[in-house]
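2 protein chains.
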Amino acid sequence: MHVVVPYEAGSPKTRLEPLLDAGERSRLARAMLDDVLSAVEAADGSPHVLATAPLELECPVTVDDSPLSKAVNTVLAERSGEPTAIVMADLALATAPALERLFRTAGPVVLAPGRGGGTNAMVVREPTFRVDFHGCSYRDHLQGLSTGEPTTLDSYRLGTDIDEPADLPEVFIHSDGATRETLESIGFSLAVGEGRVTLERGDSQVIP
Amino acid sequence: MHVVVPYEAGSPKTRLEPLLDAGERSRLARAMLDDVLSAVEAADGSPHVLATAPLELECPVTVDDSPLSKAVNTVLAERSGEPTAIVMADLALATAPALERLFRTAGPVVLAPGRGGGTNAMVVREPTFRVDFHGCSYRDHLQGLSTGEPTTLDSYRLGTDIDEPADLPEVFIHSDGATRETLESIGFSLAVGEGRVTLERGDSQVIP
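So the protein lines, in turn, are chains R and S.
Per our numbering, the very first residue in the first sequence carries number 3; after that it's consecutive.
Per our numbering, the very first residue in the second sequence carries number 3; after that it's consecutive.
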């Protein structure tokens with residue numbers, strides 16, 4: 003499977019500003035990208051990073067600083083119906099089995115929804131289908147096929163994008179990759195307070 | 003599959019206090035229970051509600067006002083290794099296919115983790131296994147088998163429990179059951195603001 007991984011190389015993950023400075027957010031974004039690319043390769047996918055700025059990677063990189071949906075739709079138009087997966091670069095919980103399940107699910111369009119109505123990962127086999135990641139993109143994509151219905155993939159791992167502070171504990175609970183190592187090296191750790199999971203930085207509780 | 007559904011009948015869903023008064027929280031909890039029971043039955047499961055207080059339902063109800071883990075472990079001890087599923091009553095996004103996938107996944111213990119390290123649904127076939135829902139229960143349950151390893155089920159629908167305000171939009175995006183009807187009748191609706199999903203009550207934005 004050809005797998006497009008869009009990557010914001012400039013100032014990624016601004017919703018994590020309450021907890022991380024710009025340099026830390028960049029490190030975290032890059033670690034998440036590395037984890038996603040490893041999982042894609044382990045799932046026998048061929049990753050192709052679609053970055054907003056040049057980036058050194060072992061896999062092919064296309065630079066396109068257009069808005070996300072436009073950049074992805076340019077790729078889809080070029081591929082004219084050749085099966086293409088789109089996997090977001092912040093799916094730090096992605097694993098080979100989760101992605102294999104996505105790749106092998108049949109249908110003209112297969113959607114893995116994310117929290118808050120986003121579309122975290124998808125496979126497009128329908129030549130005329132175009133993406134729109136703005137707003138409640140999962141619902142929009144559900145209605146975006148001219149004939150037939152998109153298929154939804156029910157995956158917690160692909161449904162969990164790391165976007166805001168409350169998402170960070172998920173990395174500690176479900177992953178042991180580069181993302182978790184990066185968070186640990188920044189000083190974060192998981193704790194269980196009053197029966198609920200919390201996140202600490204050094205000795206201070208930062209979540210919730 | 004015999005399916006235990008624990009239900010807090012007293013003052014449920016206290017973490018929704020910022021948005022809902024006690025009566026509304028009770029209505030919502032009951033609607034979620036109804037949706038879960040419907041999904042269990044559609045998945046060919048036999049639901050058995052384990053409630054903290056008497057409750058009128060068409061399926062069998064056992065009243066036990068012990069803490070959650072103790073009440074569930076009493077049931078597990080009684081069933082002495084007969085396959086038993088435990089499905090939380092606030093999984094408003096549960097569907098028959100998601101539950102069928104849970105029920106047919108092989109293994110002595112099968113866990114569907116929830117956001118924040120909870121265990122939202124599980125199947126227990128190992129006679130000596132006992133639950134502990136306090137803290138990061140998913141990690142504790144992963145380590146709770148004397149031999150072998152529990153299996154994890156990767157499901158967004160079972161991973162999404164409706165616990166706090168930020169969870170409510172998920173009901174509108176992924177469900178059309180009694181829970182959504184109840185939220186609509188209370189006055190909630192979904193909106194898309196600045197490219198992100200928000201929740202409104204009447205004309206006021208309440209999330210985020």
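No residue lacks a Cβ here, since even glycine has one placed at the ideal position from N, Cα and C.
Tell me the DSSP secondary structure of residue i in three-state form.
{"i": "Arg203 of chain S", "result": "strand"}
{"i": "Arg198 of chain R", "result": "strand"}
{"i": "His136 of chain S", "result": "coil"}
{"i": "Ser13 of chain R", "result": "coil"}
{"i": "Ala223 of chain R", "result": "The structure shown does not extend to residue 223 of chain R, since chain R is modelled only from 3 through 210, so no value can be given for it."}
{"i": "Ser82 of chain S", "result": "coil"}
{"i": "Ile88 of chain R", "result": "strand"}
{"i": "Ser148 of chain S", "result": "coil"}
{"i": "Met3 of chain S", "result": "coil"}
{"i": "Leu113 of chain S", "result": "strand"}
{"i": "Thr181 of chain R", "result": "helix"}
{"i": "Ala190 of chain S", "result": "According to the sequence provided, residue 190 of chain S is Phe. The question's Ala does not apply to it. Strand, per DSSP."}
{"i": "Ala123 of chain R", "result": "strand"}
{"i": "Ser48 of chain S", "result": "strand"}
{"i": "Ala168 of chain S", "result": "helix"}
{"i": "Pro99 of chain S", "result": "helix"}
Can you give me the Cβ contacts of residue i inside the same chain, cut-off strictly under 8 Å, excluding the 5 residues immediately before and after it?
{"i": "Ala114 of chain R", "result": "Leu104, Thr121, Asn122, Ala123, Met124, Thr154, Leu155, Ser157, Leu160, Gly161"}
{"i": "His4 of chain R", "result": "Gly47, Ser48, His50, Arg81, Glu84, Pro85, Thr86, Ala87"}
{"i": "Ala55 of chain R", "result": "Ala11, Gly12, Val65, Asp67"}
Would you mind working out which of the options sits nearest residue i, comparing C-alpha positions?
{"i": "Gly197 of chain S", "options": "R:Thr149, R:Asp142, R:Thr54", "result": "R:Asp142"}
{"i": "Ser48 of chain R", "options": "R:Pro62, R:Leu57, R:Pro56", "result": "R:Pro62"}
{"i": "Glu60 of chain S", "options": "S:Phe135, S:Gly195, S:Leu39, S:Ser139", "result": "S:Leu39"}
{"i": "Ala11 of chain S", "options": "S:Arg127, S:Asp67, S:Val5", "result": "S:Asp67"}
{"i": "Glu19 of chain S", "options": "S:Ala168, S:Ser187, S:Ser206, S:Asp178", "result": "S:Ala168"}
{"i": "Glu43 of chain S", "options": "S:Thr16, S:Leu147, S:Val6", "result": "S:Val6"}
{"i": "Pro69 of chain S", "options": "S:Asp178, S:Phe135, S:Ser206", "result": "S:Phe135"}
{"i": "Ile175 of chain S", "options": "R:Glu166, R:Arg127, R:Tyr140", "result": "R:Tyr140"}
{"i": "Arg127 of chain R", "options": "R:Val208, R:Gly118, R:Arg117, R:Leu147", "result": "R:Leu147"}
{"i": "Leu201 of chain R", "options": "S:Asp178, S:Gly118, S:Pro129", "result": "S:Gly118"}
Just to confirm my understanding: we take residue i, look at its own chain, exclude 5 residues before and 5 after, and list those with CB closer than 6 Å. What are they?
{"i": "Gly242 of chain R", "result": "One cannot answer for residue 242 of chain R here, as it falls past the ends of chain R, which runs 3 to 210."}
{"i": "Asp36 of chain S", "result": "Ala180"}
{"i": "Ala45 of chain R", "result": "Ala98, Leu101, Glu102"}
{"i": "Val199 of chain R", "result": "Pro171"}
{"i": "Leu262 of chain S", "result": "As displayed, chain S neither begins before 3 nor continues past 210, which places residue 262 of chain S out of reach and without an answer."}
Just checking my contact of residue i with residue j at CB under 8 Å: how many whole Å lie between their CB atoms?
{"i": "Val111 of chain S", "j": "Pro152 of chain S", "result": "4 Å"}
{"i": "Leu52 of chain S", "j": "Val77 of chain S", "result": "6 Å"}
{"i": "Val133 of chain R", "j": "Val65 of chain R", "result": "That belief does not hold up - the Cβ atoms of Val133 of chain R and Val65 of chain R are roughly 19 Å apart, past 8 Å."}
{"i": "Val194 of chain R", "j": "Gly137 of chain S", "result": "4 Å"}
{"i": "Met90 of chain R", "j": "Pro171 of chain R", "result": "Rounded, the Cβ-Cβ distance is 19 Å, inconsistent with contact."}
{"i": "Ala96 of chain R", "j": "Ala33 of chain R", "result": "About 13 Å separates the two Cβ atoms, so there is no contact after all."}
{"i": "Asp163 of chain R", "j": "Arg17 of chain R", "result": "Not confirmed; about 10 Å, so no contact."}
{"i": "Leu30 of chain S", "j": "Thr184 of chain S", "result": "6 Å"}
{"i": "Val208 of chain S", "j": "Leu21 of chain S", "result": "6 Å"}
Whose Cβ in chain R lies nearer than 8 Å to the Cβ of residue i?
{"i": "Ser157 of chain S", "result": "Asp156, Ser157, Tyr158"}
{"i": "Gly83 of chain S", "result": "Going along chain R, no residue has its Cβ under 8 Å from Gly83 of chain S, so there is no contact; the nearest lies around 28 Å."}
List, in order along the chain, the chain R residues whose C-beta lies closer than 7 Å to that of residue i?
{"i": "His136 of chain S", "result": "Gly197"}
{"i": "Tyr140 of chain S", "result": "Ile175"}
{"i": "Glu194 of chain S", "result": "Just to set this straight, residue 194 of chain S is Val in the shown sequence, not Glu. Chain R residues near Val194 of chain S: Gly137, Cys138."}
{"i": "Gly150 of chain S", "result": "Those do not exist, as Gly150 of chain S stays about 18 Å from chain R at its closest Cβ, beyond 7 Å."}
In chain S, what lies closer than 9 Å to residue i by C-beta?
{"i": "Ile164 of chain R", "result": "Those do not exist, as Ile164 of chain R stays about 13 Å from chain S at its closest Cβ, beyond 9 Å."}
{"i": "Gly146 of chain R", "result": "Ordered by position in chain S, no residue passes the 9 Å Cβ test against Gly146 of chain R, which lies about 16 Å from the chain."}
Run down chain S in chain order and give the residues with a C-beta less than 8 Å from the C-beta of residue i.
{"i": "Pro115 of chain R", "result": "Tyr158, Ile175, His176"}
{"i": "Ala31 of chain R", "result": "Under the 8 Å cutoff, chain S gives no residues; its nearest Cβ is about 19 Å from Ala31 of chain R."}
{"i": "Pro171 of chain R", "result": "Gly118, Gly119"}
Excluding the five sequence neighbours on either side, which residues of its own chain have a C-beta within less than 7 Å of the C-beta of residue i, listed in chain order?
{"i": "Glu26 of chain R", "result": "Ile188"}
{"i": "Arg182 of chain S", "result": "Val173, Phe174"}
Along chain B, which residues have their Cβ under 7 Å away from the Cβ of residue i?
{"i": "Ala100 of chain R", "result": "Looking for chain B here will not work: the only protein chains present are R and S."}
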